[in-house]
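> Going letter by letter, the first sequence gives residues 14 to 435 in my numbering.
Ideal Cβ positions, reconstructed from N, Cα and C, are used throughout, including at glycine.
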Amino acid sequence: MFGIKNTKKVNVICDEVKVTELLTRGVENVYPKLDFLKGRLMSGERLTLYLGIDPTGPTLHLGHGILIKKLKEFQDLGHEIILLIGDFTGMIGDPTDKSATRKKLTREQVLENAKEYVKQASVFLNFKGENPALVKYNSEWLGKMSFGDVLELSSLVTVDQMLKRDMFDNRVKEGKPIYLHEFMYPLMQGYDCVAMNVDGEIGGNDQTFNMLVGRDFLKILKNKEKFVLTGKLLTDSAGKKMGKTEGNMVSLDQDAGEMFGKIMSWADGLIIPAFELCTYLKMEEIQEMDKKLKEGASDGINEGINPRNPRDFKFKLATEIVKIYHGEAKAKEAGEDFEKTFKKGGVPEDIMEVNFAKDTRLGEILLAEGLVKSKSEFARLVDEGAVSAVGKEAIKTHDFKISESAVWKIGKRRFIKINIKG
RNA sequence: GCGUAGGUGGCAGAGCGGUCAAUUGCAAUAGACUGUAAAUCUAUCGCCCCAUGGGCUACGGGGGUUCAAAUCCCUCCCUACGCACCA
14 MFGIKNTKKV NVICDEVKVT ELLTRGVENV YPKLDFLKGR LMSGERLTLY LGIDPTGPTL
74 HLGHGILIKK LKEFQDLGHE IILLIGDFTG MIGDPTDKSA TRKKLTREQV LENAKEYVKQ
134 ASVFLNFKGE NPALVKYNSE WLGKMSFGDV LELSSLVTVD QMLKRDMFDN RVKEGKPIYL
194 HEFMYPLMQG YDCVAMNVDG EIGGNDQTFN MLVGRDFLKI LKNKEKFVLT GKLLTDSAGK
254 KMGKTEGNMV SLDQDAGEMF GKIMSWADGL IIPAFELCTY LKMEEIQEMD KKLKEGASDG
314 INEGINPRNP RDFKFKLATE IVKIYHGEAK AKEAGEDFEK TFKKGGVPED IMEVNFAKDT
374 RLGEILLAEG LVKSKSEFAR LVDEGAVSAV GKEAIKTHDF KISESAVWKI GKRRFIKINI
434 KG
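#1: Going by alpha carbons, who is nearest to residue 502 out of 37, 47, 28 and 33?
#2: Give every residue of the same chain whose Cβ lies closer than 6 Å to the Cβ of residue 202, excluding the five residues on either side of it in the sequence, and list them in chain order.
#3: On the premise that residue 147 lies in contact with residue 85, defined as a C-beta separation below 8 Å, what is that separation, rounded to the nearest angstrom?
#4: Give me the DSSP bridge partner(s) of residue 366.
#5: Pull the bridge partners of residue 421 from the DSSP assignment, please.
#6: Using C-beta distances below 8 Å, list every residue in its chain close to residue 247, excluding the 5 sequence neighbours before and after it, in chain order.
#7: In the DSSP assignment, the alpha helix (DSSP H) including residue 204 goes from what residue to what residue?
#8: From which residue to which residue does the beta strand (DSSP E) around residue 233 run?
#9: Which residue or residues does DSSP assign as beta-bridge partners of residue 130?
#10: With distances taken Cα to Cα, identify the nearest neighbour of residue 242 among 386, 233 and 218.
#11: Please name the residue, chosen from 340, 226 and 89, that lies closest to residue 54 on a Cα-to-Cα basis.
#12: Is the segment 125-136 close to the segment 170-181, with three or more CB pairs under 8 Å?
#13: Suppose contacts are defined by Cβ-Cβ distances below 8 Å. Is residue 429 in contact with residue 394 by that definition?
#14: In the segment 14-102, which residue ranges form an unbroken beta strand (DSSP E) of at least 3 residues, counting only runs that do not cross its ends?
#15: Ignore the nearest five residues each way along the sequence and tell me which others in residue 99's own chain have a CB closer than 6 Å to its CB.
#16: With 16 as the cutoff for other CB atoms within 10 Å, does residue 37 come out buried or exposed?
#17: Quick check on residue 190: buried or exposed, where buried means 16 or more other Cβ atoms within 10 Å of its Cβ?
Structure representation (structure tokens):
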């Protein structure tokens, strides 16, 4: 399957403006150095590069989206791109997760996830046509390696080099355990690029270490100068990562409304970086907004009537991002919904609808529908005045029974329409 | 293998026989406020009940001592550190 070099002629575009944009926008670093890669991109040579994704969950998130978008830029220029599914790694389980007992994925789950990934990635990438993006699985080669092969690979890296890595370094400092097999992950990831014999790799800057291990391998084993392009991570000014752990990371399979809401909850400092990383807006336009935002921040005297309200920029950001994943119409709708729900205290469009008999206890309904975790939680919410039928006073009794069809609101974000049955 | 220090709620980390469903911080949820689901302030934050009260389940696993254990004892498992061993 490998070895068959694409024989079709694909036109490689060497437009300087495009290449520069490719190399700067949302890019943290380029190894060995920027000019090296620029030179190759301008040479007309068709490069092969890849982005590796570990199938740890069923969906990709916005962070992946950013990198896939970058990959697309390479594809658009005519280069051969590979979406590598790290199924081998996934099947073994990720060591970075100290909460240990992560379930090991079965072959079926991995393939299932991968299918979703391709679907979600096809928002950006073209998997068909003249220059299709390829999908590969690293179990294809990693699964076949013998202990001897592994030893040979490990002899290329020293323990000190491994320990230099932040992730390990921190754990040593914190007195947390490091298991030997965790050392193997960089090796496995590093070997991917050898197996695929690529020209380069892109990834988040948190993957820099692993990608550089691969760079070393390729140099030693194939005498090839692999380029590594690391993308900026989406962080706010304080450097806080928009990761899954932060709870505000957007999954690519989320519906438009949810996505929109999540983005609106981001801190202001994230607006400009997100425009750069996640949208197609021109850099000049983004810089213009940045300028306006900064001016706005300094003339806070205009309390509240500030024409450069960050909220409006964030609204635009949310619209732009949702547009990419769900299309223009849905994005617009989500925006209107958001306005209605949160600004004016209304009700969103698509809400859960259920049927129950008259005089059923509200608490039981909400528990059954999963809107509250327990009856105790329900009781607490009632005490806090968080439960009300839309347009009515909050209810006060824990054993409140429904008497008519109504839309119920629990807190600001949970809604349910309960119809009286029969 | 020996020794030492540890394993507590989503995480971090107190408590070291009763007053502990467990201080505190973070996270989370709600209310107020706000341009926002930001910030801030306030409250809540195991589960269940005919509820200013009561019950159940929890402090690595199992067993024991006691009227009473997260707290004491035994045992097993796990982690860190030191020593020993080491192709």
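On the basis of the data shown:
#1: The structure shown does not extend to residue 502, since the chain is modelled only from 14 through 435, so no value can be given for it.
#2: 223
#3: About 14 Å separates the two Cβ atoms, so there is no contact after all.
#4: 430
#5: 402 and 429
#6: 75, 76, 79, 254, 255, 283, 286, 287, 290 and 291
#7: 193-209
#8: No beta strand (DSSP E) holds residue 233; the alpha helix (DSSP H) holding it covers 221-235.
#9: According to DSSP, residue 130 bridges with nothing at all.
#10: 218
#11: 89
#12: Touching, no.
#13: no
#14: 40-44, 61-66 and 93-98
#15: 65, 67 and 151
#16: exposed
#17: exposed
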